[in-house]
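Mapping of the sequence shown onto full-length UniProt numbering: position 216 corresponds to residue 216, and the numbering continues sequentially without gaps. The C-beta atom is built at its ideal place from N, Cα and C for all residues, glycine as well. A quick write-up on the structure given underneath.
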Amino acid sequence: MAIVLSSPEVDELGGALGALREWQYEGAPMQLHPGDLGWFWRFGAAATAAAVRTWSRDGRILAVGLLDGPDLLRLTTAPDARQDEELARRMAADLTGPERGVLPQGKVSVEAPRDALLQEVLRADGWDTGEPWTPLRRDLTEPVPDPGVRIEVVGPELATERAAVQRAAFDGSTYGEERWQAMAAGPLYAGARCLLARDARGRAVAMVTVWSAGPGRPGLLEPMGVHRDHRRRGHGRAITLAAAAALRELGASSALVCTPSANPGAVDTYASAGFRRMPEVPDRCREL
1 MAIVLSSPEV
11 DELGGALGAL
21 REWQYEGAPM
31 QLHPGDLGWF
41 WRFGAAATAA
51 AVRTWSRDGR
61 ILAVGLLDGP
71 DLLRLTTAPD
81 ARQDEELARR
91 MAADLTGPER
101 GVLPQGKVSV
111 EAPRDALLQE
121 VLRADGWDTG
131 EPWTPLRRDL
141 TEPVPDPGVR
151 IEVVGPELAT
161 ERAAVQRAAF
171 DGSTYGEERW
181 QAMAAGPLYA
191 GARCLLARDA
201 RGRAVAMVTV
211 WSAGPGRPGL
221 LEPMGVHRDH
231 RRRGHGRAIT
241 LAAAAALREL
251 GASSALVCTP
261 SANPGAVDTY
271 ASAGFRRMPE
281 VPDRCREL
């Protein structure tokens, strides 16, 4: 049977979400995580469905992609399909095909697992090495140290405050309470937790959202940020420790995060909270 590219409707997303959960395992390369879709859900169910692409053969989903912005496709494959040549070549063709290209004209990027054959197919097709990212992992076998600050679990009553910290942590962010409400209404938030850290004066100084892929599987931090007025005081380490502890409570086997290698401060913050650096993963980029 031929490989089929699809853009699922909202009520069809369950298959893609289930596949992504199943593909998370200890020792896997950094890859698209269910939490990435959970975080994207802040734009609503319809927008999330419109951003998802799947590749299937004989009714089985082999790859899932997320258009995380108009010019970036983040994707992963079933572990046993990483070296499937037919799949890799079909995905590469679908990225830029004249009739149904997944990516638009202009400079575009693709993020894929470092061990996927697609990486080599794209390189052979003229795709350059793009921005490098540093994945980090913390094992959750043992209890996580106390973060040393007050941590609160965010519910609707704290959504406005959590959103304000998000905007103060990321330049240009327009994240508001309505985005949090949309994210929390999504099906993936049942396995998530949003946290706020407060300083000794009770001010909200950092936030994080963590996403479980199910018991015994790696969980994800996405996003984590510290209020710009409260940096360099250990709050990043504190909220990261709290995130790891929350994932452990949710049954995750490890905590994962990925940050641009060009942001050494972020890499150092995660390392200070016991996260171990893994090999860099560069995007593939091309001018179409």
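Q.
Measuring only the C-alpha atoms, how far is residue 251 from residue 151?
A. 19 Å
Q. Given a threshold of 16 other Cβ atoms within 10 Å of its Cβ, counted over all protein chains shown, does residue 283 qualify as buried or as exposed?
A. Burial of residue 283 is indicated by the presence of at least 16 other C-beta atoms within 10 angstroms of its C-beta.
Q: Kindly indicate which residue of 247, 121 and 22 has the alpha-carbon position closest to the one of residue 289.
A: Absent from the model: residue 289. The displayed extent of the chain is 1 to 288, so no value can be given.
Q | Distance, residue 160 Cα to residue 168 Cα | A | 12 Å
Q) Count the other CB atoms within 10 Å of the CB of residue 158; is the residue buried (16 or more) or exposed (fewer)? A) buried
Q. What residue from 212, 135, 229 and 245 has the CA that sits closest to residue 280's CA?
A. 135
Q. Beta-carbon separation of residue 192 and residue 180 under 9 Å?
A. no
Q) Would the beta-carbon of residue 175 fall within 9 Å of that of residue 41? A) no
**Q.** Bridge-paired residues (DSSP) for residue 287
**A.** Partner(s): 107.
Q) By DSSP, does residue 63 sit in helix, in strand, or in coil? A) strand
Q) When DSSP labels each residue in this structure, what does residue 239 get in the three-state scheme? A) helix
Q: Identify every residue that forms a DSSP beta bridge with residue 23.
A: In DSSP, residue 23 forms no bridge with anything.
Q: Out of 246, 60, 241 and 101, point me to the one whose CA is closest to residue 274's CA.
A: 241
(Q) Quick check on this structure: which residue in 45, 220, 109 and 46 has the alpha carbon closest to the alpha carbon of residue 69? (A) 109
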